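Undergrad:
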């Protein structure tokens, strides 16, 4: 970089990694451009609560500009980075270019369907607000369509929910869906027994929450089963089609399949020139930089880094630590200090399963159940950015907990999209109508 | 209807009219099927707050099933009514048919572009949750695109917001948008002065809020102008195109146009066999029934009824009163009582303009300003269905009022849709980049 010029730090991605890197540079003599495809920072650990109608997207999202309004050395850009040209030191956006002196790439990971991208339309994953709203739509529509369905076979299929992958997201989705079907929905429907809904959690490996110690996996499994989830391990999905999932040769009829399994790095990693691991993540140096390009850092879910022989996990605390670390290396560069090696401090893991159910892993201290769940609630509310959101989320949760309710039960999207699925379950509903008449006739006396 | 059979009341539409009709029949010896395209009742008077990023859709929507869960004689169907066959007493749905003994049609009104349907894509209206989210997206994107725009002409165009129609919705939208541009956004942007945003409210008639008394129109106009809105009356829109609105021969360059003018009844009215008025509403008998078909009631925005020479206005209280009235006529039929004539009781009108600004019309008592606004807040929170929503809305409003903030500033939708507009303002941004560097360089000393 030339003299007399403030170094320009470009940060791609306003998730945990990018946002904490930005904040850690607030007193550094640099100018920062933070580029994100969204105008908001998303508190991703709670995204499954949007998918299961407990929170509104707005409750777990804060505008990036607003979070950073007081940090005068940052400019926030709404834009999508397509690739990086490390030689020219330029980021290519969908609609332009952006030069940099330092680059922090924190664009995260997306779903991977093990090479079966055609499964995506049958089994949406959960990475963005739009994903969450789409899962919410499908989940709620299944009950609506089942209520109008005369054929018991079709009704059963509509009320079967399969979640593929038993990492934290899969466990949380399965637990929340079972809970809603068993405790929230029953009173609202006249014909279907929502408690009969089948929630199946499929895991290719030998146990749920594979990144946790075995005893916690066992605890999580028991808690899931207590909620009514059918947990199947060593169950590798071989095919997904409209209304069915195949596990080996077995066909599971299911109107609703959700994907919480594979994760793949964003395509931007390829352009960096760094070696990639199997999931497409950039293998970085101990200082999180790209080999041969100390001015480019890769952090968060997009980075593959082993510390003391163990890979840094793809979780929010790791992204936050890497973001702060990368910022510190830039400051050290500017002050002429040598680079450091990144060390991951594992502060423990928490996964929630449902109402008053969770597992906690703090190294030597490990436990499941109610107390783990309380800690989970506390930690997540504490971590939410922005006081307003914290308050709203607390109230929504307290309400849901006390009233067994889910407030945000909206099916949105174009009427065509909404009705398409209901229609596909259609056929003549004469039998249904007759049944309806009979039920009402029988209840006539007790009306009022 | 035959003996020994409980009469079947079909209610189309779960808005104010349909919902209050349903509730008023809770003790009647009937079975009810409530059909709506949505699974929720929407508190439409606050929809503009979703469009202007103050509330989440979930805050003003409640699942119909949940509202009616204790009323055992109701079945809720997610479905879209296409037409009615009054001779066969059958409602045609998009995906089936539904017979009835009594029919209450409460499907409301939609936008009308005065025969210019091609304007719809340039100037979205505000009737549904999806409309509101689309307006929110365009409104917020305009600032994002302007921040990245080098050309001052283009920037001015991006920051010009035109609202067509100065009824309550237009007034509320214009007030909220001006307020956000002037009070909420300024700190969040680095390059643009959001206070320079131009909000233009166009009204074809001689005054804003045409259905209010002239002195309140004048009060509303003054309050709007104090907020920075450019109010133009007798301004008939003759053409809308990408990036411009024509008023007569004058071309107003505007990147954002919103439609709050014409209202047209839903197409279902045509199939009823009732005479229609110019806006497509069904002209009904004094008992709200269709001429020649006493078993069909049309209520709410879809009905055209004059009481004592004055038309019943298309507002929520009128729809609620008509819903209850139609339910009472059905009960009277079943008890052998004669029909009544509908009488509209005007309990007053309230329109809000912005923070601490509103007008109130209670017949002899009329006033504008802070006190009118307080009453508006009180009445709207009171009317919100469901305690959870009431509490959340109160908190969101209190927060917005105290902090001059708007919490729900999400731009959602597909990345393509989001970026399309940003891109369209594109061109080379080299000049912009240079400017950015200069600004930061100038500020370098004060960073931190």
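Protein chains in written order, with the numbering used here: chain A, 17 to 464; chain B, 17 to 464.
Every residue gets a Cβ at the ideal spot worked out from N, C-alpha and C, and that includes glycine.
In this text, all values refer to a predicted model and were calculated from it rather than measured experimentally.
1. For residue 116 of chain B, tell me which candidate among B:253, B:300, B:27 has the shortest Cα-Cα distance.
2. Return the chain-ordered ranges of every beta strand (DSSP E) run that is complete within the segment 240-322 of chain B and spans a minimum of 3 residues.
3. Find out if the Cβ-Cβ distance for the pair residue 276 of chain A, residue 185 of chain A is shorter than 8 Å.
4. In angstroms with no decimal places, state the Cα-to-Cα distance between residue 51 of chain B and residue 396 of chain B.
5. Using a Cβ-Cβ distance under 8 Å, would residue 442 of chain B count as near chain A?
6. By how many angstroms is the C-alpha of residue 221 of chain A removed from the C-alpha of residue 304 of chain A?
7. Give me the Cα-Cα distance between residue 321 of chain A and residue 138 of chain B, rounded to the nearest whole angstrom.
8. Using a Cβ cut-off of 7 Å, pull out every chain A residue sitting near residue 160 of chain B, in sequence order please.
9. Establish whether the CB of residue 246 of chain A and some CB of chain B are separated by less than 8 Å.
10. At what residues does the alpha helix (DSSP H) containing residue 113 of chain B begin and finish?
11. Closer than 8 Å, CB to CB, is residue 198 of chain A near chain B or not?
12. Please name the residue, chosen from A:348, A:61, A:181, that lies closest to residue 332 of chain A on a Cα-to-Cα basis.
13. Find the nearest neighbour of residue 129 of chain A within the set A:70, A:68, A:243, A:181, judged by alpha-carbon distance.
14. Checking the sheet assignment: what are the DSSP bridge partners for residue 99 of chain A?
15. Helix or strand or just coil, what does DSSP make of residue 91 of chain B?
16. Under 7 Å between beta-carbons, which chain B residues line up against residue 85 of chain A? List them in chain order, please.
17. Can you name the residues of chain A whose CB is closer than 7 Å to the CB of residue 195 of chain B?
18. Compute the distance between the beta-carbons of residue 33 of chain B and residue 339 of chain B, then report whether it is under 8 Å.
19. Below 8 Å, how does it come out for the segment 305-313 of chain B and the segment 118-127 of chain B: are there three or more Cβ pairs, yes or no?
20. Tell me which residues share the same chain as residue 382 of chain B and place their Cβ nearer than 8 Å to its Cβ, disregarding the 5 neighbours each side in the sequence.
21. Excluding the 5 residues preceding and the 5 following residue 241 of chain B in the sequence, name in chain order all residues of the same chain whose CB lies nearer than 7 Å to its CB.
22. May I have a chain-ordered list of the alpha helix (DSSP H) segments no shorter than 4 residues that lie completely inside the segment 131-219 of chain B?
23. Identify which residue in A:147, A:44, A:299 has its Cα closest to the Cα of residue 351 of chain A.
24. Quick check: the segment 201-221 of chain A against the segment 173-180 of chain A, are at least 3 beta-carbon pairs closer than 8 Å?
25. By the 10 Å Cβ neighbour count, where 16 or more other Cβ atoms means buried, how is residue 345 of chain B classified, buried or exposed?
26. Mind checking which residues open and close the beta strand (DSSP E) that includes residue 52 of chain B?
27. Determine the chain A residues that contact residue 164 of chain B at a beta-carbon separation under 7 Å, and present them in chain order.
28. By the three-class DSSP mapping on this structure, what secondary structure does residue 233 of chain B have?
29. List the residues of chain B that residue 156 of chain A touches, going by C-beta distances under 7 Å, in chain order.
30. What's the gap between the Cα of residue 262 of chain B and the Cα of residue 53 of chain B?
31. Grab me the residues of residue 191 of chain A's own chain with a C-beta within less than 8 Å of its C-beta, minus the 5 sequence neighbours each way, in chain order.
32. Would residue 254 of chain A be called buried (16 or more neighbouring beta carbons within 10 Å of its own) or exposed?
33. Please list, in chain order, the residues of the segment 63-74 of chain B that have any C-beta partner in chain A closer than 7 Å.
34. Among A:297, A:144, A:36, A:203, which residue has its Cα nearest to the Cα of residue 336 of chain A?
35. Once the 5 residues before and after residue 257 of chain A are set aside, which same chain residues still bring their CB inside 7 Å of it?
36. Beta carbon of residue 155 of chain B, beta carbon of residue 193 of chain B: below 8 Å?
TA: Straight from the coordinates:
1. Along the second chain, one-based indexing puts residue 116 of chain B at 100. Ranking B:253, B:300, B:27 by Cα distance to residue 116 of chain B puts B:27 first.
2. 245-248, 253-257, 260-263, 266-269, 272-275, 278-281, 309-314
3. Start at 1 with the first residue of the first chain, and residue 276 of chain A comes out as number 260. Start at 1 with the first residue of the first chain, and residue 185 of chain A comes out as number 169. Note that the C-beta distance between residue 276 of chain A and residue 185 of chain A is below 8 Å.
4. Position 35 of the second chain, counted from the start, is the residue given in the question as residue 51 of chain B. Position 380 of the second chain, counted from the start, is the residue given in the question as residue 396 of chain B. The alpha-carbon atoms of residue 51 of chain B and residue 396 of chain B are separated by roughly 26 Å.
5. Position 426 of the second chain, counted from the start, is the residue given in the question as residue 442 of chain B. Residue placement at residue 442 of chain B cannot be trusted, given a pLDDT of 35 that sits under 50; the coordinates are not used to answer.
6. Sequence index remark: in the first chain, residue 304 of chain A carries index 288 (1-based). Sequence index remark: in the first chain, residue 221 of chain A carries index 205 (1-based). If you take the alpha carbons of residue 304 of chain A and residue 221 of chain A, they lie about 30 Å apart.
7. The residue labelled residue 321 of chain A in the question sits at position 305 within the first chain. The residue labelled residue 138 of chain B in the question sits at position 122 within the second chain. Rounded to whole angstroms, the separation of the alpha carbons of residue 138 of chain B and residue 321 of chain A is 49 Å.
8. In the second chain, the residue the question calls residue 160 of chain B occupies position 144. Listed along chain A are 55, 94, each with a C-beta nearer than 7 Å to that of residue 160 of chain B.
9. Locating residue 246 of chain A in the first chain gives position 230, where the first residue counts as 1. For residue 246 of chain A, the answer is no, since every Cβ of chain B falls outside 8 Å of its Cβ.
10. Taking the second chain and counting its residues from 1, the one referred to as residue 113 of chain B is at position 97. From DSSP, residue 113 of chain B is part of no alpha helix (DSSP H) but of the beta strand (DSSP E) over 112-115.
11. The residue labelled residue 198 of chain A in the question sits at position 182 within the first chain. For residue 198 of chain A, the answer is no, since every Cβ of chain B falls outside 8 Å of its Cβ.
12. Walking along the first chain from the start, residue 332 of chain A turns up at place 316. The candidate whose alpha carbon is nearest that of residue 332 of chain A is A:61.
13. For the purposes of this step, residue 129 of chain A is identified with residue 113 of the first chain, where counting begins at 1. The shortest Cα separation from residue 129 of chain A among A:70, A:68, A:243, A:181 belongs to A:181.
14. As a first step, residue 99 of chain A must be located in the first chain, where it is residue number 83. For residue 99 of chain A, which the question treats as bridged, DSSP gives the partners A:108.
15. Position 75 of the second chain, counted from the first residue, corresponds to residue 91 of chain B. Note: residue 91 of chain B maps to strand in three-state DSSP.
16. In the first chain, residue 85 of chain A corresponds to position 69, counting from 1. Going along chain B in sequence order, the residues near residue 85 of chain A (Cβ under 7 Å) are 203, 204.
17. Looking up residue 195 of chain B in the second chain gives position 179. Result: empty, since nearest Cβ-Cβ is about 16 Å, beyond 7 Å.
18. Position 17 of the second chain, counted from the start, is the residue given in the question as residue 33 of chain B. Position 323 of the second chain, counted from the start, is the residue given in the question as residue 339 of chain B. Taking 8 Å as the Cβ cut-off, residue 33 of chain B and residue 339 of chain B qualify as a contacting pair.
19. yes
20. The sequence position of residue 382 of chain B within the second chain is 366, counting from 1. Excluding sequence neighbours, residue 382 of chain B sits near 229, 231, 232, 375, 376.
21. In the second chain, counting from the first residue as 1, residue 241 of chain B sits at position 225. Within the same chain, residue 241 of chain B has close Cβ partners 247.
22. 145-163, 168-174, 184-195
23. Looking up residue 351 of chain A in the first chain gives position 335. Closest option to residue 351 of chain A, Cα to Cα, is A:44.
24. yes
25. Start at 1 with the first residue of the second chain, and residue 345 of chain B comes out as number 329. It is buried - the Cβ of residue 345 of chain B has at least 16 other Cβ atoms within 10 Å.
26. Reading the second chain from its first residue, position 36 is the one you call residue 52 of chain B. Per DSSP, residue 52 of chain B belongs to the beta strand (DSSP E) from 47-52.
27. By 1-based counting over the second chain, the position of residue 164 of chain B is 148. Residues of chain A passing the Cβ test: 93.
28. As a working mapping, residue 233 of chain B is identified with position 217 in the second chain. Three-state result, residue 233 of chain B: helix.
29. What you label residue 156 of chain A is simply residue 140 of the first chain in a count that begins at 1. Ordered by position in chain B, the residues that pass the 7 Å Cβ test against residue 156 of chain A are 55.
30. Looking up residue 262 of chain B in the second chain gives position 246. Looking up residue 53 of chain B in the second chain gives position 37. In this model, residue 262 of chain B and residue 53 of chain B are separated by some 35 Å (Cα to Cα).
31. Counting from one through the first chain, the residue named residue 191 of chain A turns up at place 175. Within the same chain, residue 191 of chain A has close Cβ partners 239, 240, 243, 245, 368, 369, 370, 373.
32. Position 238 of the first chain, counted from the start, is the residue given in the question as residue 254 of chain A. So residue 254 of chain A ends up on the exposed side.
33. 72, 73, 74
34. On the first chain, residue 336 of chain A is found 320 positions in, with the first residue counted as 1. If we check each option's Cα against that of residue 336 of chain A, A:36 comes out closest.
35. Residue mapping note: residue 257 of chain A aligns to position 241 of the first chain, counting from 1. If we look at residue 257 of chain A and ignore the five residues flanking it on each side, its Cβ neighbours are 138.
36. As a working mapping, residue 155 of chain B is identified with position 139 in the second chain. As a working mapping, residue 193 of chain B is identified with position 177 in the second chain. In contact: residue 155 of chain B and residue 193 of chain B (Cβ atoms closer than 8 Å).
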